[in-house]
Every structure is written in C-alpha cells, then in structure tokens.
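Numbering (this note's numbering), first residue to last: 56 to 234.
Quick reminder that beta carbons are idealized off the backbone N, C-alpha and C, glycines included.
Just so we're clear, the structure is a prediction, and the values are computed from it rather than from any experiment.
These notes are about the structure you will find just below.
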Amino acid sequence: ESVAFVQGTSGSDLITWFQHLNEKDATMDLDSLYKPVPDAPSLRVERLLSRNPSEVWNALFDSVHAARVWFGSTLETDMRPGGFLRWTGVWEGKTFEDRSIVVDCQEDVYLDALYFSGFSGLAESPETRSRLIIRLSPEGTGAKVVVEQANFQDATSRDHSVVGWNGILDSVEKGESAG
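Okay, here's the thing in structure tokens:
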C-alpha cells in the first residue's frame with residue numbers, strides 16, 4: 056500500500072502537496088505515514104441504519120450534507136488514494152482543523168484513511184495519526200455501518216470518539232445535526 060505524503064506539512068500546504076502528487080502520480084510507502092503505538096486504544100462502532108449505503112455515504116462525505124452530521128464543520132474531500140479529507144470549523148468556541156489521508160476508498164462501500172485531530176494538542180506525525188476504516192454494506196433496505204479506529208493516544212480520547220461516532224451515526228439515521 057502506498058499513499059502520498061511529505062512529513063512536516065499541514066493544513067492548506069498538505070492539500071497543495073496532495074494536489075501536486077495527484078498530478079504527478081507520486082506515492083510513498085504507507086509505513087512512513089502511520090506507525091501504530093503498541094497497545095494503543097482502539098474502537099469499533101457497529102450500527103444498522105434505515106438509510107441505504109449510498110444515502111449514508113452522501114451524508115458522511117458529500118460536502119453539501121456533511122456539516123449536518125460532522126458537528127457543523129466544513130468538509131473538503133479528494134477521495135482518491137493519496138487524497139484527503141479536511142474538516143474545519145469551530146467547536147466549543149475553538150477553531151479546529153482535522154484531516155485525513157485517504158489510503159483507499161470505494162464510494163458507498165468503504166473508506167480507509169489516516170486521521171489526525173487538531174484537538175489532540177499533539178504535533179501531527181505517523182505516531183499521532185489513527186487508522187480509520189468505515190465500511191458500509193446493504194442490510195435489508197438499510198445499511199450496516201462499521202467504524203474502526205486504531206492508535207488513540209489514550210482511553211479518554213478513544214471514549215470521546217466513541218461518543219462522537221455514535222452522535223454522527225444518530226444524525227445520519229435521523230437526518231438531523233450532530234452538533
């Protein structure tokens with residue numbers, strides 16, 4: 056597996072770099088982007104939703120609909136391998152930017168990404184990124200959603216994310232705002 060990245064870049068510089076790499080089709084080894092910490096906490100959230108996989112995908116990743124479920128944030132995406140997801144907004148009075156590097160993606164089926172939260176207070180590095188995998192599959196007229204995220208800094212961060220994922224999935228199901 057390989058994705059595009061230059062260590063030490065962030066924010067809009069990172070997006071510019073991704074665009075450059077996508078134009079040049081350059082890649083680097085995944086091992087340079089993600090280094091799991093031994094015994095780091097992880098999570099798994101599994102839900103059955105009444106919406107079909109395409110509706111769930113659009114609610115999560117279409118920038119027009121995403122603010123409704125991503126706590127009011129703005130979402131920019133380039134879902135190609137080596138591309139990015141970038142969430143920006145204000146939460147509890149603080150401006151934030153969270154971002155992911157897309158490892159692999161199949162629309163309406165799965166996203167495999169390396170995620171970094173600006174709220175962590177840590178510098179972005181291969182050790183501070185989490186591996187985020189979201190899988191969608193048809194289940195009757197709805198969708199089974201499985202969210203797996205690994206390499207949290209501590210149990211508190213993981214527990215906060217479990218609450219967040221449940222809120223996001225509740226919002227997708229209800230068609231309401233998560234924030």
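Enclosing beta strand (DSSP E) for residue i [first to last residue]
i	result
residue 205	197 to 205
residue 97	97 to 104
Start and end residues, alpha helix (DSSP H) containing residue i
i	result
residue 119	118 to 124
residue 213	210 to 229
Cβ distance (whole Å) where residue i is taken to contact residue j below 8 Å
i	j	result
residue 205	residue 185	6 Å
residue 227	residue 106	7 Å
residue 198	residue 100	Their Cβ separation, rounded to whole angstroms, is 14 Å, which puts residue 198 and residue 100 out of contact at 8 Å.
Residues that residue i bridges to, as DSSP identifies them
i	result
residue 150	145
residue 132	140
residue 89	In DSSP, residue 89 forms no bridge with anything.
residue 171	154
residue 159	167
residue 193	198
residue 186	169 and 205
Best match in the options for proximity to residue i [C-alpha to C-alpha]
i	options	result
residue 207	135, 177 and 114	177
residue 166	152, 198 and 203	203
residue 200	91, 103 and 215	103
residue 135	173, 221, 116 and 229	116
residue 174	189, 218, 147 and 89	147
residue 86	172, 180 and 126	180
residue 168	188, 221 and 192	188
residue 127	114, 133, 183 and 145	145
residue 213	192, 193, 196 and 183	183
residue 152	129, 191 and 216	129
residue 224	89, 160, 196 and 113	113
residue 242	195, 191, 229 and 131	Because the chain in this structure spans residues 56 to 234, residue 242 falls outside the shown range and cannot be described.
residue 88	195, 171 and 125	171
residue 161	143, 154, 109 and 196	109
residue 132	149, 150, 155 and 125	155
residue 137	158, 229, 217 and 216	158
residue 218	90, 91 and 125	125
Whether or not the segment 110 to 130 and the segment 86 to 96 are in contact is what I'm after, with contact meaning three or more pairs of Cβ atoms, one per stretch, closer than 8 Å; do they touch? no
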